[in-house]
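When we follow the numbering used here, the leftmost residue of the sequence shown carries the number 28, and every step to the right adds one.
Beneath this line is the structure, given in C-alpha cells, with notes to follow.
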Amino acid sequence: MTEQNIWEKTQDYALESVPDANRKSWLSMTVIMIAIGFDIAAFMIGVALAKGLTLADAICSALLGSTLLGLLAISCSIVGSRTGLSTTRIAWFAFGHYGARPIALISGISLLGWFGVQAGFLGSNLADIFETFGMHIPAAVFSIGGGILMTSTAIYGYRSMERLSRWTVPALIFTMGMAITLLFLRNKGLAPQAVVHPIKFTAATGYVIGGFLSAVSCFPDISRYARSTRDAALGAFFGFFLGNSLMLVIAIVLAKYTGEADVVKLFSGLHMAAFAIVVLTLAQWAVNTSNIYSISLAFSNVVPEAGIPKAVYAIAAGIVGTALAAAGLADHFLNFLVMMSIVIAPIGGAYSGYYFLTLRGQLPKTAPAVVPITLLAWFVGILFGWLTMRSDPGNGLFGAGAFTLTTVSPVDGFLIAFLVSGLPSLGFRPKKILESA
C-alpha cells in the first residue's frame, strides 16, 4: 500500500465511518465522559485531596482542575470534529505518517497500562468486598473476569460506550448519592476530619489535571462523532468538567466525613458493601471500554499497511491488559499516572497548535512523511513538563523541579507544545508540507 493510498484510506475511513445519521449531540458526549470520569482513579485522587486540604479547598481544587481540563479539551475536540479523524489519525497530518507511528504506539501503550491499572483496581477491591462476606476469592479472578467483560463491549466501539454510559451514569449517581445521604442521616452533627497530610492547593489542582490530561489529548476519538463544532466544544467542556468533578467531590465529601481512604471499607462502614460491587464494576467497566476503544484506534495506526481489523487489536489489548492487571500493575498506579501525563499531554498541544496556527484549519491533500516542527514541539513539551515537575519520589514525582510556569506540569507541556507547533505561523512555515494544503 503506497503512502498516498494510506492517506486516502485514512480520509475515506473518517468520512464514511461517521455518517450524518450517526452524529451525536454534545449531551451524548458529555454522558460518555461522565461515565469515564466515574472511576476509582478519580475516587483515589478525591481521597488524596480530602486528606491534604480543608473541605472547601479540596472541593475548589477539584472544580478548578476540572474546569481547566474542560477548557484544554475544547481545542482538541474541535480538531476531531472538523477533521472527522480519531486522535492517532490526526497525528498523520500533524506529525507525518512516519512521525505518527511512535505517537500511536506510545499512546496505545499508555492506554494499555491504564486498562491494566483499572482492571487491577477492580480485582483487588472486589476481592476485599467478598472477603467481608466470608468469601475468599483471589483478586486475579475478578481482574480476569472484568477484563473479559470490558473487552467484549469495547469491540463495538463508540456505540457500545454510548449505550453503556446511559445505564452506568444514572446508576452511579444514584448509588453515590445514597451513600452521602446515609452518611449524614446516620451521623447527625458529623464534622469533617482535620487535614492529615497537608498539600498545596496548586499541587492538588495539579493532581486533578495530571490524572486526566492524557484523556484530553485522546478526546478526538469521541468528538469526531459530534454533529457540529459547537457540540464538540460543549461536549468536551461539560464532559470533562462534570465527569471529573462529580466523582472527585463525592469522594472528597465521603472521605472527609468518614476519615476512610479505602473505598471498600468506606462502603462497608455504611452497610453498603453490596452496592460497592455495583459501583466498582460499573465504573471500571465504562472507563476501560473507552480505554480499549482508543487502544484499538491507536495500534491500528502503528502499522496500517497490515490491514488488521481494529476488533483484533481490541481483543489482543484486552488479553494483555488483563494479564497485566492480574500481575499487579495497579500497585504502581501513582507513578504511572503522573509520569505518563507529561509524555502524553504535549501530543494534544502539538497537533492542536499545528492545526489551528500553522495549517490554519486546512488539512494537507497528502500526508507528509515527517513534520519536524510538531515532533520538536512534542519533545519540548515533554522536556518542560519534566523541568517544571517537582521531585518527590515518594509520591511518584520524578521531575527536575528547575522552575515553575502554571504550577501544573502536564499543562506546561501541553501549552508549550501548542506554542512551538505554531511557530511556522510566524514565518517559519514548512513550505513542502503546506504547498498542497
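Cβ coordinates follow ideal geometry from the N, Cα and C atoms, glycine included.
On a predicted model such as this, the values are computed, not experimentally measured, just so you know.
DSSP three-state call for S192: helix, strand or coil?
helix
field: Residue span of the alpha helix (DSSP H) that contains R109, given as start and end
entry: 82 to 110
Subject >> Own chain residues within Cβ distance below 8 Å of S418, not counting five before or after >> reply: L424, F425, G426, A427, G428
- Query: Just how far apart, CA to CA, sit F268 and G334?
  - Reply: 37 Å
Within its chain, find whatever has a CB closer than 8 Å to the CB of L217; leave out the 5 residues flanking it on each side and keep chain order. L210, F211, Y284
Would G449 pass as a contact of Y320 if the rule is Cβ separation under 9 Å? no
Environment of T229 [buried if 16+ CB atoms lie within 10 Å]:
exposed
Based on Cα-Cα distance, which residue from Y252, I371, T208 lies nearest to W413?
-> I371
Exercise. Tell me, please, whether the stretch 260 to 277 touches the stretch 127 to 146 by the rule of three or more beta-carbon pairs shorter than 8 Å.
Key: no
What residue does the alpha helix (DSSP H) around A343 start on, and which one ends it? 337 to 353
If the criterion is Cβ atoms closer than 9 Å, does the pair G135 and V397 meet it? no
- Which residues does DSSP pair with L424 in a beta bridge? D419
How is the alpha helix (DSSP H) around L149 delimited, first residue to last? 127 to 159
State the DSSP-derived secondary structure class of A377, mapped to helix, strand or coil.
-> helix
Can you give the Cα-Cα distance for G266 and F411, rounded to whole angstroms?
28 Å
Open item on the list: I'd like the span of the alpha helix (DSSP H) that includes F302, first residue to last.
Closed with: 300 to 326
Taking Cβ positions, are C103 and S379 nearer each other than 9 Å? yes
task = Return helix, strand or coil for A62, following the three-state DSSP convention.
result = helix
- Mapping DSSP to helix, strand and coil, what is K51? strand
- Give the single residue among T431, I59, A85, S255 whose Cα lies nearest to the Cα of I226. A85
Kindly indicate which residue of I117, H163, V314, L324 has the alpha-carbon position closest to the one of A394. I117
Looking only at DSSP bridge pairs, what is A253 linked to?
K51
Practice problem: Would you tell me roughly how many angstroms separate the C-alpha atoms of L240 and A68, rounded to the nearest one? | Solution: 13 Å
**Asked** What is the rounded straight-line gap between the Cα of T94 and the Cα of A350?
**Response** 35 Å
> According to DSSP, is Y382 helix, strand or coil?
Replying inline: helix
Original post:
Where does I182 sit, in a helix, a strand or coil, going by DSSP?
Top reply: coil
Can you tell me whether S113 is helix, strand or coil according to DSSP? coil
- request: Take the Cβ of F143 as the centre, count every other Cβ of all protein chains shown within 10 Å, and call the residue buried at 16 or more, exposed below.
  value: In the sequence as displayed, the identity of residue 143 is Gly instead of Phe. The residue is buried, with at least 16 neighbouring Cβ atoms inside 10 Å.
Among I59, A253, S55, S368, which has the Cα closest to the Cα of N315? I59
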